[in-house]
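In the working numbering, the protein residues as written are 18 to 154.
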């Protein structure tokens with residue numbers, strides 16, 4: 018099963034097994050000198066978690082005003098924003114063979130004339146960890 022969500026007129030997907038919950042938040046606290054990969058930190062029940070900037074993947078200048086964030090489990094200690102509908106599907110559609118836009122996209126699917134990008138959470142986690150480690154030095 019997959020969780021599908023909208024972001025800047027794109028439909029993205031993640032494995033539902035990796036989703037912990039969907040949270041609504043008022044504040045994302047920006048981090049100075051961290052680059053564009055993170056929007057900032059969010060306090061979820063006393064735990065500060067980084068919010069991944071999806072613009073890093075798509076090279077957009079889009080700024081989401083959404084307060085909906087998807088949080089993950091299984092070692093993925095970060096959140097990603099959604100600015101539209103969030104829904105669950107058994108399959109994201111028919112897998113299509115295309116050149117992937119970048120390393121953060123695991124696969125592409127087509128459903129009802131829409132392209133759905135399956136996010137590679139491992140690559141996102143690695144990039145966040147590398148960025149945070151580099152800035153800590």
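We put the CB at the ideal spot given by N, CA and C, even for glycine.
Just so it is clear, the structure is predicted and the values come from calculations on it, not from any experiment.
Selection from the options that minimises the alpha carbon distance to residue i
| i | options | result |
| --- | --- | --- |
| residue 34 | 124, 113, 138 and 84 | 138 |
| residue 84 | 146, 39 and 136 | 39 |
| residue 61 | 111, 44, 51 and 52 | 44 |
Euclidean distance between Cα positions of residue i and residue j
| i | j | result |
| --- | --- | --- |
| residue 93 | residue 142 | 6 Å |
| residue 134 | residue 49 | 30 Å |
| residue 42 | residue 69 | 15 Å |
| residue 149 | residue 58 | 12 Å |
| residue 111 | residue 127 | 5 Å |
| residue 131 | residue 20 | 15 Å |
| residue 115 | residue 136 | 15 Å |
| residue 67 | residue 144 | 12 Å |
Residue i classed as buried or exposed, judged by whether at least 16 other C-beta atoms fall within 10 angstroms
| i | result |
| --- | --- |
| residue 63 | exposed |
| residue 89 | buried |
| residue 28 | buried |
| residue 113 | exposed |
| residue 95 | buried |
| residue 105 | exposed |
Residues that residue i bridges to, as DSSP identifies them
| i | result |
| --- | --- |
| residue 12 | Since the displayed the chain opens at 18 and closes at 154, residue 12 lies outside it and no answer follows. |
| residue 96 | 68 and 88 |
| residue 126 | 112 and 133 |
| residue 38 | 88 |
| residue 27 | 24 |
contact_flag[the stretch 69 to 76, the stretch 18 to 34] where n(CB pairs < 8 Å) is 3 or more: Touching, yes.
The stretch 122 to 136 contacting the stretch 35 to 42, beta-carbon criterion three pairs below 8 Å: no
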